[in-house]
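First the structure, in the form of structure tokens, and then the observations on it.
Protein chains: 2
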Amino acid sequence: MSALPAGAAVGATVGPVHVVGTGLIGTSVALSLVGHGVEVTLEDPSPTALAVAEQVGGGRPRQVSDAAPALVVVAAPPDVAAAVVAAQLERFPEAVVTDVASVKAVVLAELAVLGADLTRYVGSHPMAGREKGGPAYASADLFMGRPWVIAAPPQARPEAVLAVRHLATDAGAMVIFMEAAQHDLAVALVSHVPQVVSTLTAARLAEAEPAALDLAGGGLRDVTRIAKSDPTLWSAILVGNGPAVAGVLKALRADLDRAIAALELGAGEATLGRAVLELAGLLGEGNAGVERIPGKHGGARTVFDQVTVMVPDKPGELGRLFGEMGTLGINLEDLQLEHGAGQLVGLATISVQAGLGARLAAGLEAQGWRILR
Amino acid sequence: MSALPAGAAVGATVGPVHVVGTGLIGTSVALSLVGHGVEVTLEDPSPTALAVAEQVGGGRPRQVSDAAPALVVVAAPPDVAAAVVAAQLERFPEAVVTDVASVKAVVLAELAVLGADLTRYVGSHPMAGREKGGPAYASADLFMGRPWVIAAPPQARPEAVLAVRHLATDAGAMVIFMEAAQHDLAVALVSHVPQVVSTLTAARLAEAEPAALDLAGGGLRDVTRIAKSDPTLWSAILVGNGPAVAGVLKALRADLDRAIAALELGAGEATLGRAVLELAGLLGEGNAGVERIPGKHGGARTVFDQVTVMVPDKPGELGRLFGEMGTLGINLEDLQLEHGAGQLVGLATISVQAGLGARLAAGLEAQGWRILR
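Protein chains in written order, with this note's numbering: chain A, 1 to 373; chain B, 1 to 373.
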């Protein structure tokens, strides 16, 4: 058993745990476990990835003489996950095996075809990642506060589900139980489809003239932020969840057709009213959808007061602003910064608890800040 | 001439200026001019809007005995802008007349049909707004650092163009010269189409089960942020720019069809490679498009170092964080805050000048902050 680092909490996970695949996610899982004093062994087809994972403290390569693991974590790419899971179920007939692939139904279906022992398999999907991949960027904190979906097949034994749940909670994640197909539709809606529409919107800018881009504001920046994603990684993710993503995109295309038809009705006297009503209907459906996204603390969407402050573009100004908020005893709940091209001031829109906005604005004005009223 | 408020800079605009339409934009223009000591008269079909605009200091209602204005600013809704502009050109045969409508080609075309004097008309579009409308929310600072498009017809006299340019620069805006049709395509690309796709993405969430929404992350929140926009306002904006928006949306639909076709190829052995390549191609086009959005200071996209810090959910923590950045002499260039549902810590991703990231991370760690590495 590894020495327990100072200050680490003892986790609920029972080791040894064997991690197959020492990329960013696998090594981060390993680091989290090591941090809780769990014995971790490692395996990866790449000797380099394995060496880096060991070097950053994720455990040690598995030896033939090692005791069988209680839990195997398969952190392989989605297109090989099922085969690797099946091999590990065979290799360790007492072990619980989980995978971390970002699609779940196809993995489960392939395991059934392979005749794998589904009483010891529990699929999972820790919803965390970073811009940079590989074990060098791994972190024990990667899953802190993130959703971690557990998708157990009906055959899975309760103690197998519990083992994966301990793994997730030890990592500081928030566990959400779902069926595999339910998971795949959910990630299509909240992750894969937003990626596609962001990409398609950004792709239109290729044909824009430079002056047009000078008009870009916060809305365009928000919508296209994730269009920066890595094409190699994301094309594999999208194909892996192809049926669910295609289904949602087709529903979206039906609404897009409605929007185009309304816009083409034109602003002539006879059609203006119909066009406006149709578009207002679509925009209202968007309002209703965005209202369903949970607020900061998981409950209903919290209503905040917002105060917009003009911030000179000089070092330390935002620090001074938030320092003065601290002095006023008012906590920042959210922040949007806006900087247009060529601006010498920025606009900071501060969200605070409902009811505190007026006091914040008055307090900041007393300190010489300009509030946009 | 109004008394010059203490500290106000003398503007370049020559008055008197008559503002027709005292909503948010018209009254904000008026406040900016009054702040520069320019004489401003006001007019609005709504006596209430007029009274509020006068009350907040935007000038006074125009009297029959008043001298003719040098400049008329028409801040009427887009669907009546041309008629109001034509009437003002007739009424004041020496005045330059501008409008602030968010579409420009249709206004110009209607003016030509009406036989208006296009030597004295200069269209413009100050790209600023707020969540709340009406003169009560007007601000002299509304246009500070924002793009302000000037779309002059070829017939416009140079001194007419100059008068509108002075108006924009006095308001602190960044002037961009465009032709009317060029402007309408540009705003379709950078503003109207992002609004539509954000709406369509958010609308899909209506059919999601609650558990799916617990998986929502920063990507979904970014893409759907502007889906909260007001349907009444935005349906009018979209219809007003119908042809340009429909054109861009059709190009986007062609790419959407490509994405759906690739996803439906499926992940079978024979088709996997083609599906992945096609999607990676689309994602790469999105990468290229987003790279074209200018950076903070209007030049090429600036590259920043990013440091992700774990921030406990307690009052004053962000203030403390930014205060310590100030002590380190490092300026915050951008900030993304991430709070998943049910999280007790947030992740603050801080962008700083390239080269400063390592020093910032080390400095914050020395103060006890946890850096996500």
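C-beta: ideal position from N, C-alpha, C; glycine also.
In this structure, the alpha-carbon of K250 of chain A lies about 54 Å from that of H36 of chain B. Beta-bridge partners of H125 of chain B (DSSP): B:V149. In the three-state reduction of the DSSP assignment, G346 of chain B falls in the strand class, which pools E and B. Taking all protein chains shown into account, R165 of chain A has 16 or more neighbouring C-beta atoms within 10 Å of its C-beta and is therefore buried. Contact annotation: the stretch 53-68 of chain A touches the stretch 20-29 of chain A, with at least three C-beta pairs closer than 8 Å.
For A95 of chain A, the number of other beta carbons within 10 angstroms of its own is at least 16, and it is reported as buried. Sequence-distant Cβ neighbours of R60 of chain B in its own chain, meaning closer than 7 Å and more than five residues away, are T41, L42, E54.
Of the residues assessed, D66 of chain B falls on the exposed side of the cut-off, its CB having fewer than 16 other CB atoms within 10 angstroms. The stretch 272-283 of chain B and the stretch 322-331 of chain A do not touch, with fewer than 3 CB-CB distances between them shorter than 8 Å. Not a single C-beta of chain B is nearer than 8 Å to the C-beta of G368 of chain A. Using beta-carbon distances, Q195 of chain A counts as an interface residue toward chain B, with a partner under 8 Å. Here V97 of chain A is buried: its Cβ has 16 or more other Cβ atoms, across all protein chains shown, within 10 Å. If one requires a minimum length of 4 residues, the alpha helix (DSSP H) runs lying completely within the stretch 157-222 of chain B are 158-170, 180-187, 193-203, 210-213, in chain order. If you compare the alpha carbons of B:Q63, B:A112, B:A68 with that of A82 of chain B, the shortest gap goes to B:A112. Within chain B, no residue has its beta carbon less than 9 Å from that of A81 of chain A; the closest one is some 12 Å off.
Residue state for F92 of chain A is assigned as coil, using DSSP reduced to three classes. By the beta-carbon neighbour count (other beta carbons within 10 angstroms, threshold 16), T308 of chain B is buried. Here T327 of chain A is exposed, its C-beta having fewer than 16 other C-beta atoms within 10 Å.
One thing to note: V103 of chain B has its Cβ no nearer than 8 Å to the Cβ of D170 of chain B.
In the three-state reduction of the DSSP assignment, D334 of chain B falls in the strand class, which pools E and B. For P243 of chain A, the enclosing alpha helix (DSSP H) begins and ends at 242-265.
If you ignore the 5 residues before and after L252 of chain A, its C-beta comes within less than 8 Å of the C-beta of V193, V197, all in its own chain and listed in chain order.
The C-beta of P45 of chain B has fewer than 16 other C-beta atoms within 10 Å across all chains shown, which makes the residue exposed. For E264 of chain B, the C-beta contacts it makes with chain A under 9 Å involve G242, P243, A246, in order along the chain. For E285 of chain B, the chain A residues whose C-beta falls within less than 7 Å of its own C-beta are A203, A206, listed in chain order. Following the DSSP letters along the chain, one finds T41 of chain A in no alpha helix (DSSP H) but inside the beta strand (DSSP E) bounded by residues 40-43.
With a threshold of 16 other beta carbon atoms within 10 Å, T232 of chain B falls short and is exposed. By the rule that beta-carbons nearer than 8 Å mark a contact, S191 of chain A touches chain B. Cα atoms of P126 of chain B and A173 of chain B: separation of roughly 8 Å, rounded to the nearest angstrom. Per DSSP, reduced to three states, the secondary structure at P312 of chain B is strand. Taking the CA atoms as reference points, S124 of chain B sits about 7 Å from W148 of chain B. A95 of chain A has a beta carbon lying at 8 Å or more from every beta carbon in chain B. By the rule that beta-carbons nearer than 8 Å mark a contact, F304 of chain A does not touch chain B. Against chain A, the CB of L335 of chain B has a partner CB under 8 Å away; the residue lies at that interface.
Here P69 of chain A is buried, its C-beta having at least 16 other C-beta atoms within 10 Å. When secondary structure is reduced to three states using DSSP, P61 of chain A falls in the strand class.
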